[in-house]
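Q: Here the sequence shown is numbered in this note's numbering, starting from 6 and rising by one per residue. Take this structure first; my questions come after.
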Amino acid sequence: MEVNELLVPTVLGGICILISVYGLAIAKDRKYALGGLFLYSLIPISHRMGIFLENPEDYFSLVTAVIFVCQAIIAIPVGGFLSPNSDSVQKTWSLKVQLTILVINASFAALILSDPMVPTIIGAYHGIYALMMLVAISKTLAGKMDMK
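Below, the structure written as structure tokens:
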């Protein structure tokens, strides 16, 4: 995989990370935190679907796109699994969604960081989203989720 072909997705991914970090750490607004994650999910969907359409036997690209479609649906910034809610049903749902996003991004971080053909920064982006979900999970469990 050429670095030039990943330049635009890498820059866009960085912008999405900044939006999410701003939402989680500074603005404490789930619309930014989730909006960045939602937009970030669109990058591998479009990239991998393009690869799959060129080579329909590349099932890894299809599965990757499907996984990120699921993440995009979960991350739509309407409603909120990052909201300050002490209701046990809402809290349980929030933890399940946060854990799902953690597993997706931690897995892809590990896959990408072990592949010398893919720029390390892309694996780091997934790692940042995984860490953000760890923060969200710890805040949810402690009852200290402070998002708008």
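All residues carry an ideal CB built from backbone N, CA and C; glycine is no exception.
Are three or more beta carbon pairs between the region 115–122 and the region 50–60 nearer than 8 Å?
A: Too few Cβ pairs lie closer than 8 Å, so no.
Q: Quick check: what's the CA-CA separation for G40 versus A30?
A: For the purposes of this step, residue 40 is identified with residue 35 of the sequence shown, where counting begins at 1. For the purposes of this step, residue 30 is identified with residue 25 of the sequence shown, where counting begins at 1. Those two C-alpha atoms are separated by around 14 Å.
Q: Which residues in the same chain as I117 place their Cβ atom closer than 6 Å to its Cβ, once the five residues preceding and following it in sequence are excluded?
A: The count along the sequence shown starts at 1 and reaches residue 117 at position 112. Only V123, I127 and G128 meet the Cβ criterion.
Q: In angstroms, rounded to a whole number, what distance separates the CA positions of L11 and S93?
A: One-based indexing of the sequence shown puts residue 11 at position 6. One-based indexing of the sequence shown puts residue 93 at position 88. Going from the Cα of L11 to the Cα of S93 covers about 42 Å.
Q: Between N9, I79 and A70, which has its C-alpha nearest F113's C-alpha?
A: Numbered from 1 along the sequence shown, position 108 holds the residue referred to as residue 113. Closest by alpha carbon: A70.
Q: Should A135 go down as buried or exposed, given a rule of 16 or more other Cβ atoms within 10 Å for buried?
A: On the sequence shown, residue 135 is found 130 positions in, with the first residue counted as 1. The residue in question, A135, is buried, as its Cβ has 16 or more Cβ neighbours within 10 Å.
Q: Under the rule that 16 or more other beta-carbon atoms within 10 Å means buried, what is M6, buried or exposed?
A: Walking along the sequence shown from the start, residue 6 turns up at place 1. The predicted model places M6 with a pLDDT of 49, which falls under 50 and marks its position as unreliable; any figure quoted below should be read in that light. By the neighbour-count rule (16 or more Cβ atoms within 10 Å), M6 is not buried but exposed.
Q: When the Cα of I48 is compared with those of Y37, Q103, Q76 and Y27, which residue comes out closest?
A: Your numbering for residue 48 matches position 43 in the sequence shown. Nearest option by C-alpha distance: Q76.
Q: Between which two residues does the alpha helix (DSSP H) holding P49 run?
A: Position 44 of the sequence shown, counting from 1, holds the residue named residue 49. Where P49 is concerned, the enclosing alpha helix (DSSP H) stretches over R35 to E59.
Q: From T105, F43 and M54, pick the residue whose C-alpha is nearest to that of L17; which is it?
A: The count along the sequence shown starts at 1 and reaches residue 17 at position 12. Of T105, F43 and M54, the residue nearest in Cα terms is F43.
Q: CA-CA distance, V26 and Y64?
A: On the sequence shown, position 21 is the one that residue 26 refers to. On the sequence shown, position 59 is the one that residue 64 refers to. Approximately 32 Å, taken between the alpha carbons.
Q: Contact criterion: CB-CB distance below 7 Å. Does V68 meet it with respect to chain D?
A: The displayed structure is made up of one protein chain only, and chain D is not part of it.
Q: Suppose you measure from the CA of A147 to the CA of V74; what does that come to, to the nearest Å?
A: Walking along the sequence shown from the start, residue 147 turns up at place 142. Walking along the sequence shown from the start, residue 74 turns up at place 69. Straight-line Cα distance between these residues: approximately 30 Å.
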